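Reviewing the structure listed below.
Chains as they are written, first to last, in this note's numbering: chain B, -8 to 533; chain R, -8 to 533.
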């Protein structure tokens, strides 16, 4: 027997409709590519997205066609998002930090029909234009600009399109499992892989994101998503913001510490989200400027393991709750968030700091498990100590990659994250390493992440990667690849001495190799597979 | 094109699975019918609900069959809930305050197969037993008790059933729109009407309930649902509690002020939910006991318009945020919640008090509109002043009544609440009156609720109902039915004088009728239709 309640599909358009109707005058501030701040609100964003929906229709575009964006976090990008997904098309947000050949690859792989772009990226587009022949329309996110037309004569302009169309548009209603958006992994190996989100997965994810045990988003918040909209949809915040009707501060291209401190203080931001490296520069800038970031009650840190010192500084010097989260492009990204339980309120300072360094626990909607790395059908104990392959399933977790013939999940329906982790009895998860980066020395594991974290604590080391080098006796042994600080004369012995007392002696790297530079991928992660190709045999020749 | 994310149905069983896995040791405290407090936790509740699911299966019960409960808020009732809905059966919670003939009616109308009951209700069951022949099994929520068997020899006992079965049970997976639970309206006119919730509507409602702009429920909370589980599923809190893994304090049968103050103080309750009359006795008891209810940071008040004085006392004397909510059995019940927006933070005390008396705004997932009372296709302006028929739609709003051939919604898909309301430009809604209780005097409306609120401010008036009496010149005029405080000698002139300056002169009732008692329905609401039948012609005979 079926229930007798109304059925409405969970569509992204319902989010912007809610914001327009109940939070129409709530401010959306946007830093444009020219550095100006413009003020809008949810009603205007909604109306403009409907104008654009009419424009896309007039251009002959159809539902399920892929529409790409190459843009910063700004209001036009937000309006394009809602217009595209709301119309039933698929919003493909592209990471401009990918290499040009990767950009061409994913635009062609996605079969993108339209490319919206910020003027910043015009040089990039002219570079790859000859290899992306499928794009029918290039739309510049701004008003008419002749200098753009000189380089890309067929360009249409966002503001002109809006001016040509009315906001009289009814969002189509369709199956909630319809595809809404597409992101590609940055990929440290092989081609980037597409993840195709649905309306249902995006809306349920947005609801979960707002929960008090996740981002605790409310209409009292002034939200600054520093994480780009091309990184897993800014972790879903533009959807969650409309769902709650909070105020949005869109930071545009300038993500340096000084710019962010100004935005936070000028607009009384209550919550900002970003990656650890950005947060380190924010803290430095705030200290230099003498700002206490007083409006900011909490911040969510994800994208990479956050150094404990960053969490501590936020708490102690800025009275700001720094909350560790974990997720991936394949997980929309919300996997875990480090929020405490009632029983933790009485923890000592030291115990609380330890808890706070964990990646946190899953909210309702996702589940985790850890699996033996050798016997793939064997669960590993969730005791906070035993390590295993981290797997996840839930409403907003990938089932298949966009690209055909590319399996994403196990036979029994879990996504293997490629991470090695522990889970404790309360569900708090700790990432130990990427499984492919773990160093297996004589049957024991050494975490490359741990060795790297220690190395960068050394004042003369700028960047370090620990890789597994093949070893005739132990199978693998750690080798440390180091980029020194400028003018540093630190040598191998000094670096190795630095490990003494910090890790067990058998975990200390066998060798240090100094290099000028370590290549980063589009997401700012070290391309350790290249290093391993180059240096993986170094211990065999000793 | 469909998205490529995992699909899992939104089932109630997934809530208890989450709580058991990630919040297994979080306390569930339960005041039993004998006054003892027992301690359990989410893992135990989950295991017991699986034992009971096995027991129900062994009794030969099938999915979609209706299983009734006649019980207080306690742990066994909670376990029964999850066992019934989790198994795919329909949990029919019965309000024991209904008249016996109404109880028989709804048990037969629902075709209930099993009746779980607290021993408190044994006399009620023996009274109606001969008229509820469809019940195959009576299950007492307790351990074996021979005194029960003397009166109802076929009784099975909950604790014995659990002991006979293991917790080895996999929750079945099925369509998320499957019916999960059934509540009947208390009904001031006609037969009670059944509302049949689905798994999807219940889970989405629970997610919405947890939002910071609704109940802001988290794993840090210790939740006391004073509102009974037979009143719209305790407003959905037992589902929301499992979803967040918060601690639950189930208060059992004793809902007097003293008992509640003790529970709040002894178990450090952070959030309690209940109706205004209960809250008034709670505040009196707290003052008498000298309790400051320090652990309670907020309370949600619903079920009836809350006197402003109650909200003010909570805030000023107990530093507790009293949050006004509105909903109905047909709306699961979450319709609106009075939570502020960022722009309200700078309101003056007086402006804030005014805002706080509104029933609040709808969360994402429901929409409101107000419709002209004469021209039913005409929207009324949402200006905070214009009144109209309040209509609602959304994921957890009724589409049809359980009983066949009983339409619930308008042609264009909205549920008419039967309330007259205003909505302001920010979406904040104020209930003015039930549409059938409004008094239409010479084309102008007079709110019966407003007249009643003023009457009960008079120290010598215990209860008052304002009804529309037929009038030869004005169509209708207000007449006030009054129950005096004991030994009071207040007379008609004094009562009418009390209105001067409090309402416009033309709104003052034409007549006061003193009675010994006003009949209440099962939900504690005055049965004004009876009064109108009796006194509706009183002005014609003048």
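A virtual CB, placed ideally from N, CA and C, is assigned to each residue, including glycine.
All figures in this text were calculated on a predicted structure; none of them were measured in a lab.
(message) Looking only at its chain, what residues have a beta carbon closer than 8 Å to the beta carbon of residue 445 of chain B, apart from the 5 residues adjacent to it on each side?
(response) On the first chain, residue 445 of chain B is found 454 positions in, with the first residue counted as 1. Same-chain partners within the cutoff: 489, 490, 493 and 494.
(request) For residue 357 of chain R, write down the residues that DSSP places opposite it in a beta bridge. (result) Taking the first residue of the second chain as position 1, residue 357 of chain R is located at position 366. Answer is R:385, bridged to residue 357 of chain R.
(request) State the DSSP-derived secondary structure class of residue 344 of chain R, mapped to helix, strand or coil. (result) The sequence position of residue 344 of chain R within the second chain is 353, counting from 1. Here residue 344 of chain R sits in helix by DSSP.
(message) Please list, in chain order, the residues of the stretch 162 to 189 of chain R that have any C-beta partner in chain B closer than 7 Å.
(response) 168, 169, 170, 171, 187, 188 and 189
(message) As a quick exercise: from B:99, B:138 and B:158, pick the residue whose alpha carbon is nearest that of residue 120 of chain B.
(response) Within the first chain, the letter at position 129 stands for residue 120 of chain B. Checked all of B:99, B:138 and B:158; the closest Cα to residue 120 of chain B is B:99.
(request) Leaving aside the five residues before and after residue 236 of chain B along the sequence, list all residues of the same chain whose C-beta is less than 8 Å from its C-beta, in chain order. (result) For this step, residue 236 of chain B is matched to residue 245 along the first chain. Cβ neighbours of residue 236 of chain B beyond the five flanking positions: 9, 10, 13, 14, 17, 33 and 210.
(request) On the DSSP bridge assignment, give the partners of residue 57 of chain B in chain order. (result) If you number the first chain from 1, residue 57 of chain B lands on position 66. Bridge partners of residue 57 of chain B: B:81.
(message) Below 7 Å, is the gap between the Cβ of residue 438 of chain B and the nearest heavy atom of the ligand FMN?
(response) The ligand content of the structure shown is nil, which means the ligand FMN is not present either.
(request) Could you check the C-alpha separation between residue 506 of chain R and residue 515 of chain R for me, to the nearest Å? (result) Taking the first residue of the second chain as position 1, residue 506 of chain R is located at position 515. Taking the first residue of the second chain as position 1, residue 515 of chain R is located at position 524. Roughly 18 Å separates the two Cα atoms.
(message) Pairs of beta-carbons, one from the stretch 263 to 273 of chain B and one from the stretch 53 to 69 of chain B, closer than 8 Å: are there three or more?
(response) no
(message) Quick check: residue 185 of chain B and residue 71 of chain B, are their CB atoms within less than 8 Å of each other?
(response) As a first step, residue 185 of chain B must be located in the first chain, where it is residue number 194. As a first step, residue 71 of chain B must be located in the first chain, where it is residue number 80. Against a cut-off of 8 Å, the Cβ pair of residue 71 of chain B and residue 185 of chain B comes out as no contact.
(message) If the cut-off is 9 Å on Cβ atoms, which residues from the stretch 436 to 463 of chain B count as contacting chain R, listed in chain order?
(response) none
(request) Determine whether the Cβ of residue 47 of chain R lies closer than 8 Å to any Cβ atom of chain B. (result) Counted from its first residue, the second chain places residue 47 of chain R at position 56. Chain B, which has no Cβ nearer than 8 Å to the Cβ of residue 47 of chain R, makes this no.
(message) Residues in the same chain with beta-carbon distance under 6 Å from residue 537 of chain B, minus the five sequence neighbours each way, listed in chain order, please.
(response) Coverage of chain B is limited to positions -8 through 533, which leaves residue 537 of chain B absent and any answer about it impossible.
(request) Please list the residues of the stretch 416 to 427 of chain R that have a C-beta atom closer than 9 Å to any C-beta atom in chain B, keeping them in chain order. (result) 416, 417 and 418
(request) Locate the beta strand (DSSP E) running through residue 537 of chain R, then write down its first and last residues. (result) Given that chain R is displayed from residue -8 to residue 533, the structure contains no residue 537 of chain R and the question cannot be resolved.
(request) Give the residues from the stretch 11 to 28 of chain R that approach chain B closer than 9 Å (Cβ to any Cβ), ordered along the chain. (result) 12, 13, 14, 15, 16, 17 and 18
(request) Please check the pair residue 168 of chain R and residue -6 of chain B, which I expect to be a contact at CB under 8 Å, by giving their CB distance rounded to whole angstroms. (result) Position 177 of the second chain holds residue 168 of chain R. Position 3 of the first chain holds residue -6 of chain B. At roughly 6 Å, the Cβ-Cβ gap stays under 8 Å, so residue 168 of chain R and residue -6 of chain B are in contact.
(message) Starting from residue 198 of chain R, trace the alpha helix (DSSP H) in both directions and tell me its first and last residue.
(response) Here residue 198 of chain R refers to the residue found at position 207 of the second chain. From DSSP, the alpha helix (DSSP H) with residue 198 of chain R extends over 190 to 201.
(request) For residue 253 of chain R, return the contacting residues in chain B, with the cut-off set at a CB-CB distance below 7 Å. (result) The residue given as residue 253 of chain R occupies position 262 in the second chain. The premise fails here: residue 253 of chain R is roughly 20 Å from chain B at the closest Cβ pair, so nothing lies under 7 Å.
(request) Thinking residue 170 of chain B and residue 187 of chain B are a contact (beta carbons under 8 Å), I'd like their distance in whole angstroms, please. (result) Here residue 170 of chain B refers to the residue found at position 179 of the first chain. Here residue 187 of chain B refers to the residue found at position 196 of the first chain. The pair is a contact, with the Cβ atoms about 5 Å apart (cut-off 8 Å).
(message) Which complete alpha helix (DSSP H) runs does the stretch 70 to 144 of chain R hold, if anything under 4 residues is left out?
(response) 91 to 101, 113 to 119 and 137 to 142
(message) On the criterion of 16 or more Cβ atoms from any shown chain inside 10 Å, does residue 133 of chain B qualify as buried, or is it exposed?
(response) By 1-based counting over the first chain, the position of residue 133 of chain B is 142. With 16 or more Cβ atoms within 10 Å of its Cβ, residue 133 of chain B is classed as buried.
(request) Give the secondary structure of residue 486 of chain B by DSSP, where H, G and I count as helix, E and B as strand, and everything else as coil. (result) Stepping through the first chain from its first residue, residue 486 of chain B is reached at position 495. Note: residue 486 of chain B maps to helix in three-state DSSP.
(message) Closer than 8 Å is the cut-off here; do at least three beta carbon pairs connect the stretch 224 to 233 of chain R with the stretch 243 to 261 of chain R?
(response) no
(request) Using a Cβ cut-off of 8 Å, pull out every chain B residue sitting near residue 393 of chain R, in sequence order please. (result) As a first step, residue 393 of chain R is located in the second chain; it is residue number 402 there, counting from the start. In chain order: -5.
(message) Just list the residues that DSSP pairs residue 239 of chain B with in beta bridges.
(response) Counting from one through the first chain, the residue named residue 239 of chain B turns up at place 248. Residue 239 of chain B is bridged to B:19 and B:214.
(message) Just to confirm, is the Cβ distance from residue 503 of chain R to residue 473 of chain R under 8 Å?
(response) Indexing the second chain from 1 puts residue 503 of chain R at position 512. Indexing the second chain from 1 puts residue 473 of chain R at position 482. It is a contact, given that the beta carbons lie within the stated cut-off.
(request) Check each candidate in R:69, R:65, R:75 and R:41 and name the one with the smallest Cα separation from residue 52 of chain R. (result) Looking up residue 52 of chain R in the second chain gives position 61. Ranking the options by Cα distance to residue 52 of chain R, first place goes to R:75.
(request) Flag this pair as yes or no: are the beta carbons of residue 484 of chain B and residue 527 of chain B separated by less than 8 Å? (result) Your numbering for residue 484 of chain B matches position 493 in the first chain. Your numbering for residue 527 of chain B matches position 536 in the first chain. Contact: no.
(request) Would you kindly report the start and end of the unbroken alpha helix (DSSP H) that includes residue 289 of chain B? (result) As a working mapping, residue 289 of chain B is identified with position 298 in the first chain. It is not in any alpha helix (DSSP H) - residue 289 of chain B instead sits in the beta strand (DSSP E) that spans 289 to 292.
(request) Quick one: give me the first and last residue of the beta strand (DSSP E) that residue 33 of chain B is part of. (result) As a first step, residue 33 of chain B must be located in the first chain, where it is residue number 42. Taken as a continuous stretch (DSSP letters only), residue 33 of chain B belongs to no beta strand (DSSP E), being part of the alpha helix (DSSP H) at 33 to 49.
(request) With 9 Å as the C-beta to C-beta threshold (strictly closer), list the residues of the stretch 319 to 348 of chain B near chain R in chain order. (result) 323, 330, 331, 332, 333, 334, 335 and 336
(request) Would you mind telling me which residues of chain R sit closer than 8 Å to residue 353 of chain B, beta carbon to beta carbon, in chain order? (result) What you label residue 353 of chain B is simply residue 362 of the first chain in a count that begins at 1. Correct list: 13.
(message) I want to verify the contact list: residues of chain B whose CB lies under 7 Å from the CB of residue 204 of chain R, in sequence order.
(response) The count along the second chain starts at 1 and reaches residue 204 of chain R at position 213. In chain order: 209, 210 and 235.
(message) For a cutoff of 8 Å on Cβ pairs, would you count residue 386 of chain B as touching chain R?
(response) Taking the first residue of the first chain as 1, we reach residue 386 of chain B at position 395. Residue 386 of chain B counts as touching chain R.
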